[in-house]
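Data first, discussion second: the structure below is written as structure tokens.
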Amino acid sequence: MEDDDFIEQPIYAISEKTSSTQYSPSTDYRSKFKNSSTPIVIDNGSYNCRAGWGSEKSPRFVFDNQVARYRDRKNNVSVVAVGPEIYADPAAKATARSPFDSNVVCDMERMEHVLDYIFLNLGIDTPTVGHPILMTEPACVPKSSRKMMTELLFECYSVPSVSYGIDSLFSFYANQDKKNGDGIVISAGHTATHIIPVIGGKGALDRTKRLNYGGTQASEYMLKLMQLKYPTFPTKVTSAQAEQLMHEHIFVAEDYQQILTDIENRQQFQKIDRIVQFPFSPLVRFVWSTTVQDDHANNQHQVIETKTEEELARQAARKEENAKRLREAAAKSRLEKLVQREQQHEAFTVLKELKGTVKKVEWLAQLKESGFDNEADLDATIKKLEEGIQRARNKELGIDENDDKEPPTFPLLEIPDDQLSEADKKEKKKQRLLKAGYDARQRAKKAKEEDKARQAEIARLDDERRINYPDEWLSDLKQKRKATVERIKTKKRLASELADRRSHASQLRMRSIASLASDTPASKRRKRGAEEDTFGADDEDWMVYREINREEESEDEEEDMASLNHYESLLLQHDPDFLPEHAFEAEQDPTNTLLHLLKHGMYPKYDAQDIGLSHQLHVNVERVRVPEVLFQPSIIGLDQAGLVDNINDIVRVYDASRKQSIVKNVFVTGGFGLMPGLAPRLQKTFQENFNVGWDIRVKTASNPMEDAWRGAAEFSMNDEFSKLSISKAEYEEYGGEYIKEHGLGNVFRSSS
Amino acid sequence: APKRNTRRAAVATPSRGKTASVTPSIQESSSRSTTPQSVDSFSVQQMNLLQVPRPFKNKNYSAPKKARSLKQLLAQEKQPDFDVDLPTYQNIESPPSIRPTKKYCDITGLDAKYTDPKTGLRYHNAEVYQFIKGLGVSSVQAYLGSRNAAVVLK
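Going line by line, the protein sequences match chains R and Z. 1 is the number of the first residue of the first sequence in full-length UniProt numbering; add one for each residue after it. 1 is the number of the first residue of the second sequence in full-length UniProt numbering; add one for each residue after it.
This is how it looks when you write it as structure tokens:
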């Protein structure tokens, strides 16, 4: 296997949205729009709200559809902040809520603020909003939501007329040259994905389907996946950051199974894996030479300590000094001890010599004073001191003292007992013991040497064998290694089984403990009438305690590992096929595992201590998994059919010619539809599901986020637009739920 | 270069009743007279909607304060009299799939040919299984929760 090519992986930053374009009231209202009936077009989406004049080409305002209502403590005022104003104040960010619940507007108070914001920024200064309104609403919106919205528009702003439509159909309208063609619209939105067939330019709402998976659910899922993958991640990943990850890094796999197989291949993995670096601050220590770098990209202050060369040198020098000081202190104490010993030795020798000069009794008394029982004691002490001094001197001089040790002599042993005195007999006993010890030591030494010689002999034979019969030797070696590995694995397995109380091994163990502890063991020999307990007579009986003992037997393990290492080193040397990664250690190494690959990537080698690395996360499988939920909602346990199944189901009822014209015009719109790879995947899936040879074209909106507004604006400037909207009088007569069907909106049935 | 709109005038007049005195005295530029300015959290003037005059509103009307949830709205919808073909918010929801689901590993996301009988987690290979064996109960529930299969005791 070749070495994996190292592909330099770029590191992506994570950044949270901290600002948005702010708007201020327009000044052109008076000159351009006052007293005209230019419609105001509002694409009211759950992610962004887009608003502007119907006569213009682009929406004037695009802002997050969020409203914050809170009390500003500093200035003691109530604040209402809409859209981009939220980023000004963290208190606003905390209380920001959408008027939407899923894709339906439910909070009319917040909706009122949003409308205020729109009309204000349009520059409207008249007592009423005197322009027809065209708004978007979700497909098959609940009646009460529309009722509340219409009520709000008519009662609060006294608009002359109101009209509604479906945003994805408007987007489709904007992207078609022929306005009355067939097609199928896939609207991948923020809170849901809709599939709406279009027949003759009009949406077929009765064949519409909605999938409850959109941008929000995708970023939530991404967050969940990251939390599961990195449970010990040092910082909290916020939902805004997860949304960022989702926006930047997902793509739709053209063949999902293939991508999953690719990820396991280390080469392909590097192409798919992406590293995302989260902001972190390195460990700060108060050092004289610190440089503070303002990192504008991350919008954070990073204090980096610069350990200069001199710093390191100074530290090293300090360490050296300490070590030297310790060494000197040790030497001094040794010297002191030596001097002390010598002094003692001198004193005691003097004492000994006194024996000759002073009377015996006096001398004994002196001895007792000094702390000795008799002369022998004194002699022994003197001898010890001498030895100590000699050893110390030897150490200083570095002489190895073992060399010049002579074999000890035991003169008394040869003299038979009856010739010796009592004391001498004792001496003889002592000497006999000493001799026995000495002999035993000699024997042990000899045995060791013999053993060594035998080992050397075996090694030599082995080498010979290797040279003469290389293949057999190699296969033998492999067998031995395999057996050792098996043994190690079995031991591990047994250990883990014993840990589990309910396993068979554990139960056997319990049984043997119980039988050992009981007074009446179930003995096999009862038939023969043997009443005595003969446990222990045979050495093998004691092995049962070994089996009961649950703790690890480290000596055996070490032996096994040692022999394994020996085999493996030989294999490495002589077997060309055995590579370091086949070694048992390497296989056990956690950095080689699949889980490690997915979590920490391949390079750089993961080091738990590195702060930067611990703040990195890798998106690989998640990149394709999150969008795949659209096609297989069972991935997150959503009990719905996937995108393709739904499309098949929808198109099924139409006749062949209609089907063909529909698949010729597959249209993808919506912010969530911006993810790369969606159109090719849809193309491929359609080709699999429909007849060979049919012309299948998948088209993405030219501007998936703004085209809905554009289509609505285009629609609003039509001649028949005024006939399709609800006037105030009609509202008062028919109620707030009433709308006029126009093919790009919902259908209406009156409730009696 | 078009001059930036200042907001001094807007903030200075807190009362709602005044009309038409909001216009700052700056020349009008072509079509897009709103000049968006990028905001970062250091230097920002927040536009408080409550302090800006909104002459176009009907002062006597106030939106319903209680925000209802979608569930409540849906409960209000009356169904029975209508024909079955009429699409409603609830019946355009996609039905469950009839195909057998493809199983993916709960830990790695790769193909899952095996299921752990003890925890119910699906896994990709033996190595992942060893990992699963070492998981605690809360982790297991978290993994199952990612595909909505966690045991929820209410």
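We put the CB at the ideal spot given by N, CA and C, even for glycine.
Quick one: is residue i buried, meaning 16 or more other Cβ sit within 10 Å of its Cβ, or exposed?
i, result
"VAL82 of chain R", "buried"
"ASP43 of chain R", "buried"
"MET602 of chain R", "buried"
"THR34 of chain Z", "With a pLDDT of only 41 at THR34 of chain Z, under the threshold of 50, the placement of this residue in the model should not be trusted; the figure read from the coordinates follows. Classification for THR34 of chain Z: buried."
"ALA1 of chain Z", "With a pLDDT of 38 at ALA1 of chain Z, under the threshold of 50, the predicted position of this residue should be treated as unreliable, and no value is reported."
"MET543 of chain R", "exposed"
"PHE286 of chain R", "Here the model assigns PHE286 of chain R a pLDDT of 48, short of 50, so the residue's position is not dependable and the matter cannot be decided."
"THR291 of chain R", "Because THR291 of chain R sits at a pLDDT of 45, beneath the cut-off of 50, its placement in the model cannot be relied upon, and the following sentence gives the value as read from the coordinates. With fewer than 16 Cβ atoms within 10 Å of its Cβ, THR291 of chain R is classed as exposed."
"HIS574 of chain R", "exposed"
"ASN35 of chain R", "exposed"
"TYR123 of chain Z", "buried"
"GLU706 of chain R", "buried"
"LYS143 of chain R", "buried"
"GLU737 of chain R", "buried"
"SER370 of chain R", "exposed"
"LEU153 of chain Z", "exposed"
"ILE696 of chain R", "buried"
DSSP beta-bridge partners for residue i?
i, result
"GLY388 of chain R", "Bridge partners of GLY388 of chain R: none, in fact."
"ASN44 of chain R", "R:CYS49"
"GLY197 of chain R", "Inspection of the sequence shows that residue 197 of chain R is occupied by Pro rather than by Gly. PRO197 of chain R is bridged to R:ILE184."
"LYS202 of chain R", "R:ILE199"
"THR381 of chain R", "DSSP, once it has assigned bridges, lists no residue as partnering THR381 of chain R."
"ILE11 of chain R", "R:ILE275"
"HIS618 of chain R", "R:ILE275"
"LEU211 of chain R", "R:THR193"
"ILE166 of chain R", "R:GLU137"
Could you check the C-alpha separation between residue i and residue j for me, to the nearest Å?
i, j, result
"SER139 of chain Z", "GLY145 of chain Z", "10 Å"
"ILE133 of chain R", "PRO84 of chain R", "23 Å"
"SER24 of chain R", "VAL62 of chain R", "13 Å"
"ASN746 of chain R", "HIS596 of chain R", "51 Å"
"ILE259 of chain R", "ALA253 of chain R", "7 Å"
"ILE86 of chain R", "PHE672 of chain R", "23 Å"
"GLY189 of chain R", "SER98 of chain R", "15 Å"
"PRO39 of chain R", "ILE635 of chain R", "44 Å"
"LYS78 of chain Z", "TYR129 of chain Z", "51 Å"
"SER19 of chain R", "TRP694 of chain R", "47 Å"
"ILE272 of chain R", "LYS480 of chain R", "41 Å"
"THR490 of chain R", "THR484 of chain R", "10 Å"
"SER727 of chain R", "SER661 of chain R", "37 Å"
"ALA392 of chain R", "GLY536 of chain R", "51 Å"
"SER29 of chain Z", "ALA63 of chain Z", "Note that SER29 of chain Z scores a pLDDT of 34, beneath 50, so its modelled location is shaky and nothing firm can be said."
"ARG681 of chain R", "LYS699 of chain R", "12 Å"
"HIS618 of chain R", "HIS249 of chain R", "11 Å"
"GLN270 of chain R", "LYS102 of chain Z", "26 Å"
"SER102 of chain R", "LEU245 of chain R", "22 Å"
"GLU472 of chain R", "ARG465 of chain R", "9 Å"
"GLN616 of chain R", "GLU16 of chain R", "16 Å"
"LEU420 of chain R", "GLU555 of chain R", "50 Å"
"PHE130 of chain R", "THR238 of chain R", "A small fix is needed here, since residue 130 of chain R is Gly in this sequence, not Phe. Taking the straight line joining both Cα atoms gives about 43 Å."
Considering just the uninterrupted stretch of the alpha helix (DSSP H) at residue i, what are its terminal residues?
i, result
"ILE611 of chain R", "611-614"
"ALA253 of chain R", "Premise fails: ALA253 of chain R is in no alpha helix (DSSP H) and is neither H nor E."
"ALA459 of chain R", "422-468"
"ALA331 of chain R", "309-357"
"SER722 of chain R", "721-724"
"TYR89 of chain Z", "Here TYR89 of chain Z belongs to no alpha helix (DSSP H), and DSSP marks it neither H nor E."
"ILE662 of chain R", "656-663"
Can you tell me where the beta strand (DSSP E) with residue i in it begins and where it stops?
i, result
"VAL67 of chain R", "67-72"
"ASP64 of chain R", "61-64"
"MET47 of chain Z", "That residue, MET47 of chain Z, is in no beta strand (DSSP E); it is neither H nor E in DSSP."
"GLU137 of chain R", "133-137"
"PHE667 of chain R", "666-669"
"ALA81 of chain R", "77-82"
Hey, would you say residue i sits closer than 9 Å to residue j, going by beta carbons?
i, j, result
"GLY743 of chain R", "GLY54 of chain R", "no"
"ARG99 of chain Z", "ASP255 of chain R", "no"
"residue 810 of chain R", "ARG210 of chain R", "Lying before the first or after the last residue shown, residue 810 of chain R is absent from chain R, which here runs from 1 to 752."
"GLU741 of chain R", "ALA174 of chain R", "no"
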